[in-house]
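Numbering-wise, the sequence shown is residues 1 to 313 according to UniProt numbering. See below for the structure under consideration.
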Amino acid sequence: MNKEVKELDLIIIGAGPAGLTAAIYASRAKLNMLLIEDAIVGGQVRSSYTIENYPGFKKVEGGTLADLMQEQAQELGAEIDEFDMVERVQFSDSEKIVETSSYIYKPKAVIISTGAVPRKLPIANEEKYAGKGVHYCAVCDGAMYEGKTVGVVGGGNSALEEALFLSRFAEKVILVRRYDYFKGEKATLDEVLNHPKIEVMYNWDLVDVNGAEFMEKAKIKNTLTGEEKEIVMDAVFGYIGTEPKTKLFKDYINLNPQGYILTDENMRTNIKGVYGAGDVREKAFRQITTAVADGTISALDAEKYIVESKRVK
1 MNKEVKELDL
11 IIIGAGPAGL
21 TAAIYASRAK
31 LNMLLIEDAI
41 VGGQVRSSYT
51 IENYPGFKKV
61 EGGTLADLMQ
71 EQAQELGAEI
81 DEFDMVERVQ
91 FSDSEKIVET
101 SSYIYKPKAV
111 IISTGAVPRK
121 LPIANEEKYA
131 GKGVHYCAVC
141 DGAMYEGKTV
151 GVVGGGNSAL
161 EEALFLSRFA
171 EKVILVRRYD
181 YFKGEKATLD
191 EVLNHPKIEV
201 MYNWDLVDVN
211 GAEFMEKAKI
221 KNTLTGEEKE
231 IVMDAVFGYI
241 GTEPKTKLFK
251 DYINLNPQGY
261 ILTDENMRTN
271 IKGVYGAGDV
281 REKAFRQITT
291 AVADGTISAL
301 DAEKYIVESK
311 RVK
């Protein structure tokens, strides 16, 4: 079957905060644009239970914030294609092709805002107990462990925040930290350390998990002494970093050794008219606010690029 070819100004791939912000600015500029998302709109923000560091909101649920961003973009005229998979891309300075299961798009510019996914725990039985005790989203799966003992592995804000969220359901939350410090915000850390249902295990690392059909125990190792032991644990939630969703673009876009997109301060990649924005690009800090800033800059620069390309013709 021959697919219909559609030409348009801009395609945004990925509908997290960066992509939605870019869609808002592109729509305000009256660009003929399309936002493509292979899952649910909102990205990682939607799986955040409570957000307390986004300007204008003292406290807001992640799903609510994602809905507001989506609503604003669509009211401005943004077209969003949800649950659609990009099958192939082909980028050059002179031509951009984005192919989905239904269409072949030829945009003048592309913004890549595909984000990142949680890095899997490096344990032998990760796949065996995936969804059966090994998880990466407390908001998604935490309610399954009402009255149980669960573990959280990680040392950043995500690990701290999810430990607090899981304490709403679990009888006990064990926070396993391989070092003697955390990298999260002090206010959040203080709340964790003072919570009666949360136990912090400094200088311990998760080695593996075991059980019958479902996870029942965690094997941990002391990073200072080498001591190993098993503890009863019904589930473990991993927050050890993220991996960028860039496999589709690696043949065209310059990436760093970890797979993140390399851009300049205007979000430009090595291909003219192709931008990287949000958690998918190399940068020091990955926050909702920095993703929104990336989306803003990429859309504004893309608009200039599109206008100039039309003048050339």
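Backbone N, C-alpha and C fix where the C-beta goes; we use that ideal spot for every residue, glycine too.
Mind checking which residues open and close the alpha helix (DSSP H) that includes Met-69?
62-75
Suppose the cutoff is 6 Å on Cβ atoms and the five residues either side in sequence are ignored; what does the same chain contact list for Gly-295 look like?
Ala-18, Thr-21, Ala-22, Ala-277
Start and end residues, alpha helix (DSSP H) containing Pro-17:
17-28
Closest by C-alpha distance to Gly-259, when choosing among Val-173, Glu-75, Leu-248, Met-215:
Leu-248
Since Ala-109 sits in a beta bridge, which residues does DSSP pair it with?
Leu-10
Best match in Ala-116, Val-232, Tyr-25 for proximity to Tyr-136 [C-alpha to C-alpha]
Ala-116
Have a look at Glu-199, Ile-36, Lys-221 and flag the residue whose alpha-carbon is nearest the alpha-carbon of Leu-206.
Lys-221
Buried versus exposed call for Asp-264 [16 or more other C-beta atoms within 10 Å across all chains shown]:
exposed
Kindly confirm or deny that the segment 189-198 and the segment 158-172 touch, where touching means at least three C-beta pairs closer than 8 Å.
yes
Measuring alpha carbon to alpha carbon, tell me which residue in Thr-289, Ala-163, Phe-182 is nearest Ala-235.
Ala-163
Grouping DSSP H, G and I as helix and E and B as strand, with all else coil, what is Val-41?
coil
Out of Lys-30, Asp-9, Pro-55, state which residue places its alpha-carbon closest to the alpha-carbon of Val-292.
Pro-55
Just reading off the alpha helix (DSSP H) that Leu-248 is part of, what are its end residues?
It is not in any alpha helix (DSSP H) - Leu-248 carries neither H nor E in the DSSP assignment.
Consult DSSP for Phe-285 and reduce its assignment to one of helix, strand or coil.
coil
Quick one: is Lys-186 buried, meaning 16 or more other Cβ sit within 10 Å of its Cβ, or exposed?
exposed
Who are Met-201's beta bridge partners in DSSP?
Val-176
Runs of beta strand (DSSP E) wholly within the segment 116-197 (minimum 3 residues, chain order):
116-118, 149-154, 172-177
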